[in-house]
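Note that my numbering has the sequence shown beginning at 1053, numbered continuously upward.
Worksheet: the structure to be examined is printed underneath.
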Amino acid sequence: MAQKKSSGEINAYLDAETTLDGELTMPGSLRIDGKVKGSIRAGGEVVIGPTAEVDADITATSVSISGKAGGSITVSERVEIFEGATVTSSLITPSLQIADGAVFQGHCEMKPGGRQGKGD
């Protein structure tokens, strides 16, 4: 499975043994390999690893998914879904890449900067 490395430094890491139910807000980037339910607001990239199970509303610069993701994802740059990933989310993104072997079942709005606007 060819995965792009994180575009920047990871500031926080939730390992495969971690379960989080609630709200997570951080200024930087985050890698998740555990289970998260709730909401995530990151000022940088969110990397959802191959063992991760995320059911959260995510707002970030970009999101890379190798595991399971549900909820809504709003980004200002891009969403990447890698081989083996399962995504059942609604996406708002200016750029979407889906690899062969990935599953995406949801809704996608392609908007510059990943912003929702009235009258768009």
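The beta carbon of each residue, even a glycine, is placed where N, CA and C say it ideally should be.
- Taking C-alpha positions only, Met-1078 is separated from Gly-1095 by approximately 6 Å.
- Our two residues, Gly-1086 and Ala-1104, have alpha carbons roughly 5 Å apart in a direct line.
- For Lys-1120, the closest C-alpha among the options Tyr-1065, Ser-1147, Phe-1156 and Ala-1151 is that of Phe-1156.
- Note that the C-beta distance between Ala-1154 and Glu-1129 is not below 8 Å.
- Nearest to Leu-1066 by C-alpha distance, out of Gly-1090, Gly-1101 and Gly-1158, is Gly-1101.
- Going by DSSP, Ala-1104 is part of no beta strand (DSSP E) at all; its letter is neither H nor E.
- No residue range can be given for Thr-1070, since it is assigned to no beta strand (DSSP E) and is classified by DSSP as neither H nor E.
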